[in-house]
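Peer 1:
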């Protein structure tokens, strides 16, 4: 019974609540490792990393899903919008843990208890 309670608790910790997608946000970022600001997307939005055609200017945040994987001219620069749909997936360099990985780790830990 104790093992089941611990497993259920770990599973709950791994599941994110339906708050809306959380994305990193910055305008004209140069260093993708800086993740100070976050935004919560609307239902019809995904996380986006928009790169200028010169490769130096980057925008991150939320974008309407119908604009994903498209090019757009903004202030004399062409931007390509690359989208993703998990929390903070537009981070640049940080690794993202999925629910499956989290559950696998919890399962391995539980195996060591028995």
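In the numbering used here, the protein residues as written are 898 to 1011. The beta-carbon is built from N, C-alpha and C at its ideal position, and this holds for glycine as well. Quick caveat: nothing in here was measured; it's all calculated off a predicted structure.
1. How long is the line joining the alpha carbons of residue 927 and residue 949, rounded to whole angstroms?
2. Give every residue of the same chain whose Cβ lies closer than 8 Å to the Cβ of residue 968, excluding the five residues on either side of it in the sequence, and list them in chain order.
3. Using a 10 Å radius around the Cβ and a threshold of 16 neighbouring Cβ atoms, would you call residue 922 buried or exposed?
4. Can you tell me whether residue 988 is helix, strand or coil according to DSSP?
5. Just to confirm the assignment, what range does the beta strand (DSSP E) spanning residue 953 have?
6. On the DSSP letters alone, give me the boundaries of the beta strand (DSSP E) that residue 965 sits inside.
7. When the Cα of residue 934 is compared with those of 973, 966, 1005, 956, which residue comes out closest?
8. How is the beta strand (DSSP E) around residue 974 delimited, first residue to last?
9. Tell me where the beta strand (DSSP E) around residue 918 begins and ends.
Peer 2: Short version:
1. 11 Å
2. 975, 976, 977, 978
3. buried
4. coil
5. Residue 953 -> no beta strand (DSSP E), and no H or E assigned at all.
6. Counting along the chain, residue 965 falls outside any beta strand (DSSP E), and DSSP gives it neither H nor E.
7. 956
8. 974-981
9. Per DSSP, residue 918 belongs to no beta strand (DSSP E) and is neither H nor E.
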